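The sequence shown: position 230 = 230 (the numbering used here), numbered continuously.
Structure first, commentary second.
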Amino acid sequence: MQHDDVRILVVHAHPDDEAISTGGTLALLTRDGVDVTLLTCTRGERGEVIPVELRHLEGDGRALADYRERELEQALAALGVTRHMFLGQQGARLAGLPPRRYSDSGMVWGADGSPEPVADPAADALCSADLAEVVSDIRSAIDAVGAHAVLSYDERGGYGHPDHVRAHQSAREAARLSGVAFYSFIESVDELDRLEAAGQPVEGVDLLDVSEVLAAKVAALRAHATQITVSESADGRPLFALSSGPARPVETREAFRLIDSPSAEADGTSTATVRGALSAGETRAGRITTAVVALAMGAILGVVLTINHQQTWSIGGVAIPIGLIAGLLIITMLLVGFRLVFETRVVALSAAIGVNVIIAVFSQKSPGGSVLIPANVMGFVWAYAPLLIALVVVAWPKLPLPRRDRMVVHTIQEGPSQ
1 MQHDDVRILV VHAHPDDEAI STGGTLALLT RDGVDVTLLT CTRGERGEVI PVELRHLEGD
61 GRALADYRER ELEQALAALG VTRHMFLGQQ GARLAGLPPR RYSDSGMVWG ADGSPEPVAD
121 PAADALCSAD LAEVVSDIRS AIDAVGAHAV LSYDERGGYG HPDHVRAHQS AREAARLSGV
181 AFYSFIESVD ELDRLEAAGQ PVEGVDLLDV SEVLAAKVAA LRAHATQITV SESADGRPLF
241 ALSSGPARPV ETREAFRLID SPSAEADGTS TATVRGALSA GETRAGRITT AVVALAMGAI
301 LGVVLTINHQ QTWSIGGVAI PIGLIAGLLI ITMLLVGFRL VFETRVVALS AAIGVNVIIA
361 VFSQKSPGGS VLIPANVMGF VWAYAPLLIA LVVVAWPKLP LPRRDRMVVH TIQEGPSQ
């Protein structure tokens, strides 16, 4: 199964959480054609409101919910997400039950500085609902989407908002019952720092560089104006702030961890394929384009290097076949480089085909009768050595990525957004 066949369901508790925790991931995946659906559990009815001119919305649950729905629409447009559902509504409600709205459960800060449930949660709040009902609704969303993986909070709910914790509990159980993989966001910078300092490998953790889609992520954050203030640092870096804390940089890295992996899936989708889609967001069209570019690079190199392969340098009366040596080294470095950079052999194979087809063509007699690759020792080596190099490099077992590509990076540590 190709990456563009993989379908991902991302579960968040409130509008704005999707931009803070996974904005870059969503933008990357949708940009590259991966089928992503966002499921939002509540509308953030009990959230605080930052702008003074919108403070009249605070405390008016329905009015704030309507406003935040519009903010969410703008944020998803910025991220390129076209499939979205609210929990309890069409597509995310157990068949046979009437639609329902899950409202924001709210939170307060405890004496120890940790989030705690409010004393008066609404009867329709997410945390007031029966867990089995919430799980059933998320399972309905998994079925409606045909999801192969669910991505949501860790067991702590990120910074600990009760709705985040409930979203984790429900999404993880729904994924387990549906037999699909479950991934959690990594939102703690300290957690990754401790692993790096200890010198331990970050087992099961995938890191995404989202700098290419940073503008989309910032636009999504800015769309949630009731909850987030976006600004710039002195050096031009984008910053964002919630109602509860100071401004901090918008991270260019996001991370997630595989928590539960089904032993086997009925449709043959492996966990590795899902992980690959999340990590790279590489589509079939993208792979074809990359292969075509590699083929063209190989062909161009084949032309240039073939023309120069008979060049020699005379050192101490000895003719050094510098053209042949340099040509073979360049071909080797190109193919090995492609094997190191790309997980698939297809790119290196495409470049090898480009090089060797050109050499084969140039080995033929021209209309004027001359031979571009003469029948001498250097010509013989040039005709066959690139083919041998290609066979060895392409057939070699998977080459390990350089250690720097597996470094732990900082991710967002979310504050008390609602």
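Beta carbons: idealized from backbone N, C-alpha and C, even for Gly.
Computed from a predicted model, the values in this text were never measured in an experiment.
Checklist entry - residue 79: which of 221, 232, 339 sits nearest, CA to CA? => result 221
Checklist entry - Which value, in whole angstroms, describes the spacing of the CA atoms of residue 155 and residue 108? => result 19 Å
Next on the checklist: As an exercise, report each continuous alpha helix (DSSP H) stretch of at least 4 residues that is fully enclosed by the region 29-66, in chain order.
Outcome noted: none
Checklist entry - What whole-angstrom Cβ distance do residue 238 and residue 218 have, given they're in contact under 8 Å? => result 5 Å
Item to check | Which listed residue (181, 348, 138) has its alpha carbon closest to that of residue 287 | outcome: 348
Item to check | Span of the alpha helix (DSSP H) around residue 382 | outcome: 377-395
Checklist entry - Which residues bound the beta strand (DSSP E) around residue 85? => result 83-86
Next on the checklist: Please state whether the Cβ-Cβ distance between residue 386 and residue 328 is less than 8 Å.
Outcome noted: yes
Checklist entry - From residue 182 to residue 308, what does the alpha carbon distance come to, in whole angstroms? => result 55 Å
Checklist entry - Does DSSP put residue 10 in a helix, a strand or coil? => result strand
Checklist entry - Going by beta carbon distance, what residues of the same chain come within less than 7 Å of residue 356, once the five residues before and after it are set aside? => result 386, 387, 390
Item to check | Alpha-carbon spacing of residue 250 relative to residue 111, whole angstroms | outcome: 29 Å
Next on the checklist: For residue 419, list the residues DSSP reports as bridge partners.
Outcome noted: Shown here, the chain extends from 1 to 418; a query on residue 419 therefore has no answer.
Checklist entry - CA-CA distance, residue 169 and residue 236? => result 39 Å
Next on the checklist: Between 180, 334, 13, which has its C-alpha nearest residue 261's C-alpha?
Outcome noted: 180
Checklist entry - If you check the beta carbons only, do residue 39 and residue 141 fall under 8 Å apart? => result yes
Checklist entry - If residue 44 and residue 115 are in contact, beta carbons under 8 Å, what's the gap, nearest whole angstrom? => result That belief does not hold up - the Cβ atoms of residue 44 and residue 115 are roughly 15 Å apart, past 8 Å.
Next on the checklist: Can you give me the C-alpha to C-alpha distance between residue 102 and residue 123, rounded to a whole angstrom?
Outcome noted: 9 Å
Next on the checklist: If I follow the unbroken beta strand (DSSP E) through residue 238, where does it start and stop?
Outcome noted: 238-241
Item to check | Cβ neighbours of residue 296 in the same chain (closer than 8 Å, five flanking residues each side left out) | outcome: 354
Item to check | Identity of the residue in 95, 330, 126 nearest residue 106 by Cα | outcome: 126
Next on the checklist: Suppose the cutoff is 8 Å on Cβ atoms and the five residues either side in sequence are ignored; what does the same chain contact list for residue 393 look like?
Outcome noted: 332, 335, 336, 339, 348, 352
Checklist entry - In this structure, does DSSP put residue 20 in helix, strand or coil? => result helix
Next on the checklist: By the three-class DSSP mapping on this structure, what secondary structure does residue 93 have?
Outcome noted: coil
Item to check | Which of helix, strand or coil DSSP assigns to residue 206 | outcome: strand
Next on the checklist: So, with DSSP's three-state summary, where would you put residue 344?
Outcome noted: coil
Checklist entry - Helix, strand or coil: how does DSSP classify residue 181 here? => result strand
Next on the checklist: I need the straight-line Cα distance from residue 305 to residue 379, nearest angstrom please.
Outcome noted: 12 Å
Item to check | Own chain residues within Cβ distance below 8 Å of residue 225, not counting five before or after | outcome: 50, 51, 54, 71
Checklist entry - Span of the alpha helix (DSSP H) holding residue 220? => result 214-223
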